[in-house]
Amino acid sequence: MTLAGFPDAAPLAGLAGGVLIGLAAAIMLLGAGRIAGVSGIAARAAGLGGSGMERSAAWAFVIGLPLGALVIIAMLGGIEASFASPLVLAIAGLIVGVGTKLGSGCTSGHGVCGMSRFSARSIVATLTFMATGFATVAAMNALGLEVLQ
Amino acid sequence: MNARSIVALLSGTVFGAGLALGGMTDPARVRGFLDLFGDWDPTLAFVMGGAVLVMVVVWRLQPRLAHPLFAEAFAIPTRKDLDARLVGGAALFGVGWGIAGLCPGPGIAALVIEPVGAAVFVIAMLVGMGLVRLTERNP
Chain A
1 MTLAGFPDAA
11 PLAGLAGGVL
21 IGLAAAIMLL
31 GAGRIAGVSG
41 IAARAAGLGG
51 SGMERSAAWA
61 FVIGLPLGAL
71 VIIAMLGGIE
81 ASFASPLVLA
91 IAGLIVGVGT
101 KLGSGCTSGH
111 GVCGMSRFSA
121 RSIVATLTFM
131 ATGFATVAAM
141 NALGLEVLQ
Chain B
1001 MNARSIVALL
1011 SGTVFGAGLA
1021 LGGMTDPARV
1031 RGFLDLFGDW
1041 DPTLAFVMGG
1051 AVLVMVVVWR
1061 LQPRLAHPLF
1071 AEAFAIPTRK
1081 DLDARLVGGA
1091 ALFGVGWGIA
1101 GLCPGPGIAA
1111 LVIEPVGAAV
1121 FVIAMLVGMG
1131 LVRLTERNP
């Protein structure tokens, strides 16, 4: 299915993927009693604070992420992806690490788990990172910076 | 491996599958969504909308459980204060997200899609987290 006016959008795949992410967050909450916030769990796995979950569970969640991607790759017979250069990825990763640590979360913890329970902190955080994300891409486009290869 | 680790592995796997199926492991798709004033791709809104809708329902069921299935108690954030650290951190995160089109979940899931690039992103992210932790320990 395509969306009128947006020929490149994949609304059904997006919705299905989103429902899976919601189910994943539900499994974590109802099974282990915790928020499925990736930045906090990754920090915990690496021994950098973050989520208060057991370190073994943090590692299990982190290992699951690429495993799940592999399942989809196997089902679809491949997956499209255009990445930036290692230098750009290093700069972006560093900023994402500092930002998510200071801001106590990312798209999953604030965007999915926090917004859905109407947490004021998560709504403010999500609106903020969306706004600076829009502004960053707009500014890079205005400067003619093409980063994806 | 205890029950909570199995729950976490299952959650992570379903999460990673959702990210990949929803196109979120492709930075071009994410940057397409963030390109609001250009050639906008609304796919990410469907991903986030689907996830939030499921969790809105789950948050209404959660109080009916005395405790999680495999843990003694729920550990849910309780803070309600809005501070500069939250807003500043989120603002920075959005800049990094916009630059490369990756956030933490897709970055880790993409280790099997673009191993070198994703590893560079994830290692740099952990370095960034570690830098914040260092400054917190030595104020």
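For the record, the sequence lines run as chains A and B. The numbers in the numbering used here rise by one with no breaks, and the one at position 73 of the first sequence is 73. Just remember that the numbering used here sits 1000 ahead of the position in the second sequence, which is counted from 1. Just so it is clear, CB atoms sit at the ideal spot from N, CA and C, and this is done for glycine as well.
Residue j beta carbon less than 8 angstroms from that of residue i
| i | j | result |
| --- | --- | --- |
| GLY1107(B) | THR132(A) | no |
| ALA25(A) | ALA1020(B) | no |
| ILE35(A) | GLY1012(B) | no |
| GLY1089(B) | THR107(A) | no |
| VAL1014(B) | LEU20(A) | yes |
| VAL1030(B) | GLY97(A) | no |
| GLY37(A) | PHE1093(B) | no |
| SER1005(B) | ALA60(A) | yes |
| PRO86(A) | VAL1120(B) | yes |
| GLY105(A) | SER39(A) | yes |
Alpha-carbon spacing of residue i relative to residue j, whole angstroms
| i | j | result |
| --- | --- | --- |
| GLY47(A) | VAL1058(B) | 30 angstroms |
| LEU89(A) | GLU1114(B) | 12 angstroms |
| GLY49(A) | LEU65(A) | 20 angstroms |
| ALA10(A) | LEU1034(B) | 15 angstroms |
| ARG1079(B) | VAL1095(B) | 25 angstroms |
| LEU127(A) | GLY14(A) | 20 angstroms |
Residue i versus the options, residue with shortest Cα-Cα distance
| i | options | result |
| --- | --- | --- |
| ALA1028(B) | PRO1042(B), LEU1134(B), PHE1093(B) and VAL1087(B) | PRO1042(B) |
| LEU1044(B) | PHE83(A), ALA69(A), LEU94(A) and VAL112(A) | VAL112(A) |
| ALA1066(B) | GLY33(A), LEU15(A), GLY109(A) and VAL38(A) | GLY33(A) |
| PHE6(A) | ASP1039(B), GLY1101(B) and LEU1053(B) | ASP1039(B) |
| GLU80(A) | PHE118(A), ASP8(A) and THR2(A) | ASP8(A) |
| ILE1076(B) | GLY22(A), LEU89(A), GLY52(A) and LEU12(A) | GLY52(A) |
| ALA58(A) | GLY1023(B), ALA1008(B) and GLY1049(B) | ALA1008(B) |
| GLY17(A) | ASN1002(B), ASP1083(B) and VAL1054(B) | VAL1054(B) |
Exposure label - residue i; buried when at least 16 CB within 10 Å
| i | result |
| --- | --- |
| MET75(A) | exposed |
| PRO1032(B) | First, the residue type needs correcting, since residue 1032(B) is Gly and not Pro in the sequence shown. That one is buried. |
| GLY144(A) | exposed |
| GLU146(A) | exposed |
| LEU102(A) | buried |
| ARG1060(B) | exposed |
Which residue spans inside the stretch 1030-1071 of chain B form an unbroken alpha helix (DSSP H) run of at least 4? 1043-1061
Which runs of the alpha helix (DSSP H) spanning at least 4 residues fall entirely within the stretch 23-57 of chain A, listed in chain order? 38-45
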